[in-house]
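Residue numbers 169 to 509, in the working numbering, belong to the letters of the sequence shown in order.
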Amino acid sequence: MSELIETDVVIIGAGPVGLFAVFELGLLDIKCHLIDILDRPGGQCAELYPEKPIYDIPGFPVVTGQGLVDNLMQQIAPFSPEFHFSRIVNSVEKQEDGRFKLTTDADETFLCKAVVIAAGGGSFQPKRPPVARIEAYEGKSVFYAVRKMDDFRDQDVVIVGGGDSALDWTLNLQPIARSLTLVHRRPEFKAAPASVNKMQELAAAGKINFLTGQVSHLEGDNGQLTAVHLSMASGEAMVHATRMLPFFGLTMKLGPVADWGLELNDNLISVDTEKFESSVPGIFAIGDINHYPGKLKLILSGFHEAALMAQAAKAIVSPGERVVFQYTTSSTKLQKKLGVA
Ligand SMILES: Cc1cc2nc3c(=O)[nH]c(=O)nc-3n(C[C@H](O)[C@H](O)[C@H](O)COP(=O)(O)OP(=O)(O)OC[C@H]3O[C@@H](n4cnc5c(N)ncnc54)[C@H](O)[C@@H]3O)c2cc1C
């Protein structure tokens, strides 16, 4: 049975612009759920350049990609947004009662009064490792994301990769897996040094195996993995495995957004510049995913779009309610919502 979640607004994409939209909608008492294919917030900032400095965020002479995301998460905390990570929104349909129905590949259905598409450059999709017949195992015993930790409980898990996802999941799954082997093609890692240190401590204590090598082929029946074969400097090796998690990075594709019946301009959603509404009333598009004359794909542009979108979404979520323009510096009402008055 698919889970039904009802809310005011669903935001598709938890990149910087989707996150700031929570703030602008929250000031207008609009409750949001956010859905993202990644397993953490931050979109391109967190996934592509977490440690690079950004110099053109107003008020921050310099802030890293991850630093900006952390600040946004702190800024929107008073509105308690609900996050649904590691799932892709597959469909968006208008219902007869005017609401929108969204479905995800995690078997959830959302019903909401307005939709905000903040899908950036599109959905991040995992890169498939160059391993013969891997498709036969995908979704059964080879996964590119962890949806439910319990799916890995008491399993023999092989994690492949050297970035943050590979190291984070090594640390998170080690306590519940029957055995865990991390495989990386070289001894150096791209992941945060603190995670690498913890992983090395676990390996030294014999709680995980760390092997330097590459997956050569998989062994199993009917999609169920039984072993992962590796090419290593010392020769071939075989690891008994019932689950494999390859983390080989991500590519960006427009994905299902293209099929939602919205007017597109060169794979971007056409919007007006008053409300940032798409060709379907009630569906807004903000940030890198939208197109209008003069559009600049900058974070600050997305923040401005979020503010104007929120005013228009308010008229849909609470029809007839008068919105009084207020400053956060002087409005006690807004400060109460932010938990500072
Ligand atoms: C290397 C680099 C450096 C940059 N430097 C700067 C800079 O200095 N200043 C600046 O202003 N900008 C910079 N940018 C651009 C900036 O990162 C983007 O403008 C910004 O990330 C756009 O934010 P967004 O929220 O619109 O989209 P994104 O950050 O792309 O986030 C969109 C999110 O939507 C999710 N998503 C998409 N489709 C679906 C779906 N169907 N279901 C579920 N989730 C979905 C994606 O997984 C993603 O997490 C840089 C970009 C790069 C790559």
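For glycine and all other residues, C-beta sits at the position ideal for the given N, C-alpha and C. Since we're looking at a predicted model, the values are computed, not measured.
| Distance between THR338 and HIS472 (C-alpha atoms, nearest Å) | Residue numbering aside, residue 472 sits at position 304 when the sequence shown is read from its first letter. Residue numbering aside, residue 338 sits at position 170 when the sequence shown is read from its first letter. Rounded to the nearest angstrom, the two C-alpha atoms are 39 Å apart.
| MET412 vs SER309 beta-carbon contact at 8 Å | The residue given as residue 412 occupies position 244 in the sequence shown. The residue given as residue 309 occupies position 141 in the sequence shown. Yes. Within cutoff.
| field | Meets three-Cβ-pair contact criterion under 8 Å: the segment 379-386 and the segment 396-408 | value | yes
| said: On a Cα-Cα basis, can you pick out the residue from ILE327, LEU335, THR349 and THR380 that is closest to ALA359? | reply: Position 191 of the sequence shown, counted from the first residue, corresponds to residue 359. Considering only alpha carbons, the answer is LEU335.
| task | Write down the C-beta distance between GLY288 and ILE457 rounded to the nearest angstrom, noting that I regard them as a contact closer than 8 Å. | result | Mapped onto the sequence shown, residue 288 falls at position 120. Mapped onto the sequence shown, residue 457 falls at position 289. About 6 Å separates the two Cβ atoms, so the contact holds.
| Does DSSP classify PRO294 as helix, strand or coil? | What you label residue 294 is simply residue 126 of the sequence shown in a count that begins at 1. Strand, per DSSP.
| message | Please tell me whether, using a cut-off of 7 Å, the distance from the CB of GLY290 to the nearest non-hydrogen atom of ligand 1 is below it. | response | Counting from one through the sequence shown, the residue named residue 290 turns up at place 122. Answer for GLY290: yes, Cβ within range of ligand 1.
| request: Would you check whether ligand 1 has a heavy atom nearer than 7 Å to the C-beta of CYS213? | output: Within the sequence shown, numbered from 1, the residue matching residue 213 stands at position 45. Because some heavy atom of ligand 1 lies under 7 Å away, the Cβ of CYS213 counts as near it: yes.
| task | Select from GLY450, LEU430 and ALA483 the residue whose C-alpha is nearest the C-alpha of HIS459. | result | In the sequence shown, residue 459 corresponds to position 291, counting from 1. Out of GLY450, LEU430 and ALA483, LEU430 has the C-alpha closest to the C-alpha of HIS459.
| message | At a cut-off of 7 Å, would you count ILE203 as near ligand 1, judging by its Cβ distance to the nearest heavy atom? | response | On the sequence shown, position 35 is the one that residue 203 refers to. Within the cutoff, so yes.
| query | Of the residues VAL178, GLY462 and GLU442, which one's Cα is nearest the Cα of THR272? | reply | Within the sequence shown, residue 272 is the residue found at index 104, counting from 1. Comparing Cα positions, the closest option is VAL178.
| Using a threshold of 7 Å, is the CB atom of TYR217 nearer than that to any non-hydrogen atom of ligand 1? | Position 49 of the sequence shown, counted from the first residue, corresponds to residue 217. Checking every heavy atom of ligand 1 against the Cβ of TYR217, one is found closer than 7 Å.
| query | Is the closest heavy atom of ligand 1 to the C-beta of ALA287 under 7 Å? | reply | Looking up residue 287 in the sequence shown gives position 119. Result yes, Cβ under 7 Å from ligand 1.
| task | Answer yes if the segment 181-201 comes into contact with the segment 501-509, meaning at least three C-beta pairs across the two stretches below 8 Å, and no otherwise. | result | yes
| query | With which residues is CYS177 paired in a DSSP beta bridge? | reply | In the sequence shown, residue 177 corresponds to position 9, counting from 1. The sequence shown places Val at residue 177, not Cys. Note: VAL177 sits in a beta bridge opposite CYS200 and ALA282.
| task | Taking only the alpha-carbon atoms, compute the straight-line gap between ARG296 and PRO414 and give it to the nearest angstrom. | result | Within the sequence shown, the letter at position 128 stands for residue 296. Within the sequence shown, the letter at position 246 stands for residue 414. Distance between the alpha carbons of ARG296 and PRO414 is about 8 Å.
| field | Cutoff 6 Å; reference PHE191; Cβ partners in own chain excluding five residues on either side | value | Sequence index remark: in the sequence shown, residue 191 carries index 23 (1-based). So the qualifying residues of the chain are GLN243 and ILE244.
| Which value, in whole angstroms, describes the spacing of the CA atoms of LYS482 and CYS280? | Numbered from 1 along the sequence shown, position 314 holds the residue referred to as residue 482. Numbered from 1 along the sequence shown, position 112 holds the residue referred to as residue 280. Each residue's Cα considered, the two are about 13 Å apart.
| Hey, out of LEU172, ASP207, PHE357 and GLU174, whose CA is closest to ALA182's CA? | Within the sequence shown, the letter at position 14 stands for residue 182. Of the candidates LEU172, ASP207, PHE357 and GLU174, the one whose C-alpha sits nearest the C-alpha of ALA182 is ASP207.
| request: Leaving aside the five residues before and after GLY266 along the sequence, list all residues of the same chain whose C-beta is less than 8 Å from its C-beta, in chain order. | output: The residue given as residue 266 occupies position 98 in the sequence shown. Excluding residues within five positions, the ones whose Cβ falls inside 8 Å are LYS281 and GLY450.
| request: Kindly indicate the opening and closing residues of the alpha helix (DSSP H) around ILE244. | output: Along the sequence shown, read from residue 1 onward, the residue named residue 244 stands at position 76. Residues 233-244.
| message | At a threshold of 7 Å, does ALA372 count as lining ligand 1 (C-beta to nearest heavy atom)? | response | Within the sequence shown, residue 372 is the residue found at index 204, counting from 1. No, the beta carbon of ALA372 sits no closer than 7 Å to any heavy atom of ligand 1.
| field | For LYS262: DSSP bridge partner residues | value | Counted from its first residue, the sequence shown places residue 262 at position 94. Paired residues: PHE268.
| message | In chain order, what are the residue ranges of uninterrupted alpha helix (DSSP H) at least 4 long that sit wholly in the segment 434-502? | response | 467-485
| If we ignore side chains and look at the alpha-carbon of each, how far apart do GLN145 and ASP427 end up? | The displayed coordinates of the chain run from 169 to 509. Any statement about residue 145 would go beyond what the structure contains.
| query | Among GLY235, PRO209, ASP275 and GLU215, which one has its Cα closest to the Cα of PRO221? | reply | Numbered from 1 along the sequence shown, position 53 holds the residue referred to as residue 221. For PRO221, the nearest C-alpha among the options comes from GLY235.
| In three-state DSSP terms, what is ASN377? | The residue you call residue 377 lines up with position 209 of the sequence shown. Residue state, collapsed to three classes: strand.
| said: Between which residues of its own chain and VAL231 is the CB-CB distance below 8 Å, once the five residues before and five after are set aside? | reply: To locate residue 231, count along the sequence shown from 1; it is residue 63. Only PRO221, ILE222, ILE225 and ASN239 meet the Cβ criterion.
| Apart from the five residues on each side of it in sequence, which residues of its chain come closer than 7 Å, Cβ to Cβ, to LEU436? | For the purposes of this step, residue 436 is taken as residue 268 along the sequence shown, with counting starting at 1. Here the set comprises ILE457, ASN458 and HIS459.
| said: Is VAL230 close to ligand 1? I mean its beta-carbon at under 7 Å from any heavy atom of the ligand. | reply: The sequence position of residue 230 within the sequence shown is 62, counting from 1. Every heavy atom of ligand 1 is 7 Å or more from the Cβ of VAL230, so no.
| Using the C-alpha atoms, what's the distance from VAL351 back to GLY462? | For the purposes of this step, residue 462 is taken as residue 294 along the sequence shown, with counting starting at 1. For the purposes of this step, residue 351 is taken as residue 183 along the sequence shown, with counting starting at 1. Going from the Cα of GLY462 to the Cα of VAL351 covers about 47 Å.
| said: Could you compute how far the alpha carbon of GLY455 sits from the alpha carbon of GLY290? | reply: On the sequence shown, residue 455 is found 287 positions in, with the first residue counted as 1. On the sequence shown, residue 290 is found 122 positions in, with the first residue counted as 1. Whole-angstrom Cα-Cα distance: 11 Å.
| said: By alpha-carbon positions, which one of ILE484, LEU348 and THR497 ends up nearest to THR175? | reply: As a working note, residue 175 is residue 7 in the sequence shown. The option with the nearest alpha carbon to THR175 is ILE484.
| said: Any heavy atom of ligand 1 inside 7 Å of the beta-carbon of LEU206? | reply: Along the sequence shown, one-based indexing puts residue 206 at 38. Result yes, Cβ under 7 Å from ligand 1.
| request: Determine the contact status of VAL257 and LEU270, defining contact as a CB-CB distance below 8 Å. | output: By one-based count along the sequence shown, residue 257 stands at place 89. By one-based count along the sequence shown, residue 270 stands at place 102. Yes, the Cβ-Cβ distance between VAL257 and LEU270 is below 8 Å.
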